[in-house]
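Q: Residue numbers (our numbering): 552 to 829.
1) Does residue 643 come out as helix, strand or coil in the three-state DSSP assignment?
2) By the 10 Å Cβ neighbour count, where 16 or more other Cβ atoms means buried, how is residue 773 classified, buried or exposed?
3) Since residue 630 sits in a beta bridge, which residues does DSSP pair it with?
4) Out of curiosity, what's the CA-to-CA distance linking residue 574 and residue 732?
5) Are the segment 793-810 and the segment 693-702 touching by the rule of at least three beta carbon pairs closer than 8 Å?
6) Quick one: grab the DSSP three-state call for residue 688.
7) Determine the extent of the beta strand (DSSP E) in which residue 679 is found, giving its start and end residues.
8) Any contact between the segment 778-793 and the segment 723-743? By contact I mean 3 or more CB pairs, one from each, below 8 Å.
9) By Cβ distance below 7 Å, which residues in the same chain neighbour residue 746 in space, the five residues on each side in sequence not counted?
10) Please classify residue 809: is it buried, with 16 or more other beta-carbons within 10 angstroms of its beta-carbon, or exposed?
11) By Cβ distance, which residues of its chain are closer than 6 Å to residue 640, with the 5 residues on each side in sequence left out?
12) What is the DSSP secondary structure of residue 610, reduced to helix, strand or coil?
13) Short of 8 Å in beta carbon distance, which residues of its chain neighbour residue 682, apart from the five on each side in sequence? Order them along the chain.
14) Hey, out of 579, 707, 826 and 720, whose CA is closest to residue 650's CA?
15) Under the rule that 16 or more other beta-carbon atoms within 10 Å means buried, what is residue 709, buried or exposed?
16) On the three-state DSSP scale, how would you describe residue 575?
17) Mind checking residue 590: buried by the 16 CB within 10 Å criterion, or exposed?
18) For residue 596 and residue 584, I'd like the C-alpha separation in whole angstroms.
19) Can you tell me which of 620, 558 and 610 puts its alpha carbon nearest to the alpha carbon of residue 720?
20) Quick one, are the C-beta atoms of residue 606 and residue 758 less than 8 Å apart?
21) 8 Å is my cut-off, CB to CB: does residue 729 come that close to chain D?
Here it is in C-alpha cells:
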C-alpha cells in the first residue's frame, strides 16, 4: 500500500509537469523562434519521473518580419551570433537589425557573425579567398572550413546616413550575402556573407535562453550550414497546436486516474488506521 501510494504521488507530480510543458507550448504557439518542448518519461520501481525536456528542432513556418534585416533560415541549421564575452551562441530566431552604429545585432544585443567578402563575392580567409563553389560543396557534404568570422558592421556616416559612407542601402540575398547598394540600386557590391552553422546532432545543443543554444559534447562541433536565407521574414514557433491538444487530453485523463488512485489509497490507509485503533 505504501509503495503504490508513493508511486501515485510521483506520477501525479510528473503529470503536472507534463501539463505545464504542454500549456507553455500552447501559450507560445505564435511566438517567433519558440521551440516546442517535449517531455520524456522514465519509469522505475517507485513511479514515474519527468526526464529533461527535449526541444523539437524542426522548422517553423515563416511570417513577415518588421524590417528587411530580419532573417528566416529555410532548412537545417542556425545563425551564429556572439555575446559580449565572445562566446558562440546559435539561434534560428533571425530578429536582427542594424543598430545606430551599423552593427548587425540580435534583439538581445548579440552580434550576428559573417565572413568578409572580396569584390567577387568570395570569402576572405586572411589574404586568401575561398571560392563560393568550394564553400557550397563543403556545406552540402556536412563539412567545416576553419575560417574566422567577424561582426557585421555597415558603418553609417553621420553626415549623410550612408552605409560605410558610400552605400545608400543594403540587400541580403538567399545565400546570405549582404550587398551594399548605390546609385539607386544600379551598383551593388558584396560586403559580407552571413554565417550559418549546423550540427550532426542538433538535439544535443543546450538551450541557455529561449531560442539561444550553445554546443555541447553531445551536439558535436559546428559544421557549415547549407540552408537558404530569406530577408524580411521571421520563423514562427514550431509548436503543433493540435498535437499539444491531444497530449493535454492524455495528460488530463492520466491525472484523473492518478488522483483517483491517491484518493483510494488514502481511504484504505484511513480505514486501516481506524481498525488498528479500535
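Note that beta-carbon positions come from the ideal geometry of N, C-alpha and C, so glycine has one too.
A: Put simply:
1) As a first step, residue 643 is located in the chain shown; it is residue number 92 there, counting from the start. DSSP places residue 643 in coil when its eight states are reduced to three.
2) Indexing the chain shown from 1 puts residue 773 at position 222. Buried, by the Cβ-count rule.
3) Position 79 of the chain shown, counting from 1, holds the residue named residue 630. Answer by DSSP bridge pairing, in chain order: 642 and 747.
4) Counted from its first residue, the chain shown places residue 574 at position 23. Counted from its first residue, the chain shown places residue 732 at position 181. Using only the alpha carbons, I get a separation of about 46 Å.
5) no
6) Residue numbering aside, residue 688 sits at position 137 when the chain shown is read from its first letter. Helix at residue 688.
7) Along the chain shown, one-based indexing puts residue 679 at 128. Note, residue 679: beta strand (DSSP E), 679-681.
8) The segment 778-793 vs the segment 723-743: in contact.
9) Along the chain shown, read from residue 1 onward, the residue named residue 746 stands at position 195. Hits under 7 Å: 631, 664, 665, 666 and 700.
10) Locating residue 809 in the chain shown gives position 258, where the first residue counts as 1. The residue is buried, with at least 16 neighbouring Cβ atoms inside 10 Å.
11) Numbered from its first residue, the chain shown carries residue 640 at position 89. Within the same chain, residue 640 has close Cβ partners 632, 634, 661 and 763.
12) As a first step, residue 610 is located in the chain shown; it is residue number 59 there, counting from the start. In the structure shown, residue 610 sits in coil (DSSP, three-state: anything other than H, G, I, E or B).
13) One-based indexing of the chain shown puts residue 682 at position 131. The answer, listed in chain order, is 673.
14) Here residue 650 refers to the residue found at position 99 of the chain shown. It is 707 whose Cα lies nearest to the Cα of residue 650.
15) Working through the chain shown from its first residue, we reach residue 709 at position 158. Burial call: exposed.
16) To locate residue 575, count along the chain shown from 1; it is residue 24. Note: residue 575 maps to helix in three-state DSSP.
17) As a first step, residue 590 is located in the chain shown; it is residue number 39 there, counting from the start. Counting C-beta atoms within 10 angstroms of its own C-beta, residue 590 has 16 or more neighbours from the protein chains shown and is therefore classed as buried.
18) For the purposes of this step, residue 596 is identified with residue 45 of the chain shown, where counting begins at 1. For the purposes of this step, residue 584 is identified with residue 33 of the chain shown, where counting begins at 1. Here the model assigns residue 596 a pLDDT of 41, short of 50, so the residue's position is not dependable and the matter cannot be decided.
19) Within the chain shown, residue 720 is the residue found at index 169, counting from 1. Residue 720 has its Cα closest to that of 620, out of 620, 558 and 610.
20) Your numbering for residue 606 matches position 55 in the chain shown. Your numbering for residue 758 matches position 207 in the chain shown. Going by C-beta atoms, residue 606 is nearer than 8 Å to residue 758.
21) Looking at the structure shown, chain D is missing, and only one protein chain is on hand.
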